[in-house]
Each structure stands twice: as structure tokens, then as C-alpha cells.
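Chemist: One structure follows; several queries about it will come next.
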Amino acid sequence: MSTDAAALRATQSVLNIPRNAEGPVFGAPWEAEAFALALQLHDRGVFTWTEWASTLGDEIKKAQAAGDPDTGETYYHHWLATLERIVAAKGLADAAVLMRTREAWQRACARTPHGTPIELRADDFEN
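Here it is, written out as C-alpha cells:
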């Protein structure tokens with residue numbers, strides 16, 4: 001299935017995905033990458049869209065309870081939290097691996113000049 005067809009199925013199955021007439025829209029490259037990763041995992045049968053939507057709804061409710069203003073700017077933060085939660089629940093990566101990877105990305109981001117592609121190095125994964 002083409003990426004465009006998969007994206008269309010996702011936007012039809014999961015409500016509130018930021019979109020325009022052409023499909024999903026993203027405010028930053030990481031949002032598109034998280035979206036694409038979820039599409040790939042769905043296409044591989046890791047979860048159903050019903051399961052995704054339910055978990056995403058839970059993540060949004062948790063964020064709102066913690067004070068998220070729910071203005072749309074944080075939608076893909078919830079998407080990423082959902083992705084991490086499902087990946088951990090399905091045994092694809094445990095919480096420690098996810099945290100280690102998040103911290104590695106933070107180190108890589110901190111040393112990378114604005115406008116330069118971020119590249120992970122092996123030492124980013126060292127504490």
C-alpha cells in the first residue's frame with residue numbers, strides 16, 4: 001500500500017489528526033516521522049486503529065488533566081506518547097530503552113547548531 005493511501009486510512013480512522021485537503025499536516029519534521037512510524041507499525045499489524053485511537057484518547061485526557069490547553073499545538077506530543085506506550089505494551093521496546101533513546105536525542109539536539117541535521121552518535125547513548 002502506498003504511503004499516501006496509508007495516511008488517508010489513518011486520517012479516516014483516527015479523528016482530529018491535523019490535516020488539510022491534501023492530508024495530514026505537520027509543524028516539524030519529527031511529527032511527520034512519528035506519524036510515519038505509526039503507519040508502518042499499523043501496517044505490520046502491531047495495533048489496530050481502534051486500539052490506537054483509544055490509547056491516543058487516553059494520552060490526550062492525561063495531558064488535559066495535567067494542564068494541556070488542548071489548542072492543537074501539542075497533538076503530536078500525544079501521538080508520540082501513544083506510540084511509546086504501544087511499543088512498550090507490545091514488547092517492542094521497554095520503557096528503559098525508550099528513555100535512553102529520548103535522552104540520546106536530547107544530547108544530540110543540544111550539541112547540534114540550529115538548521116543542521118541532527119545526527120545520533122554512539123556516545124549519545126552513554127550516560
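Under the working numbering, the residues of the sequence shown are numbered 1 to 127, in order.
Even glycine gets a Cβ: it sits at the ideal position worked out from N, Cα and C.
Just so it is clear, the structure is predicted and the values come from calculations on it, not from any experiment.
Please report how far the alpha carbon of L41 lies from the alpha carbon of T48, in whole angstroms.
Modeler: L41 and T48 have their C-alpha atoms some 9 Å from each other.
Chemist: Which ranges does the beta strand (DSSP E) cover as unbroken runs of at least 3 residues, wholly within the segment 23-63, from first to last along the chain?
Modeler: none
Chemist: Once DSSP output is grouped into helix, strand and coil, what is the label at R9?
Modeler: helix
Chemist: Which value, in whole angstroms, describes the spacing of the CA atoms of Y76 and T50?
Modeler: In a straight line, the C-alpha of Y76 is about 18 Å away from that of T50.
Chemist: Report yes if the C-beta distance between W52 and T101 is below 9 Å; otherwise report no.
Modeler: no
Chemist: In whole angstroms, what is the alpha-carbon distance linking I60 and N127?
Modeler: Spanning the two alpha carbons is a distance of roughly 31 Å.
Chemist: Taking the alpha helix (DSSP H) that V97 falls in, what are its first and last residues?
Modeler: A95 to R111
Chemist: Who are the Cβ neighbours of W105 in its own chain at under 8 Å, not counting the five residues just before and after it?
Modeler: I118, L120 and D124
Chemist: Following a CB-centred definition, is I17 positioned closer than 8 Å to any heavy atom of the ligand FMN?
Modeler: With respect to the ligand FMN, the structure shown offers nothing to examine, as it has no ligands at all.
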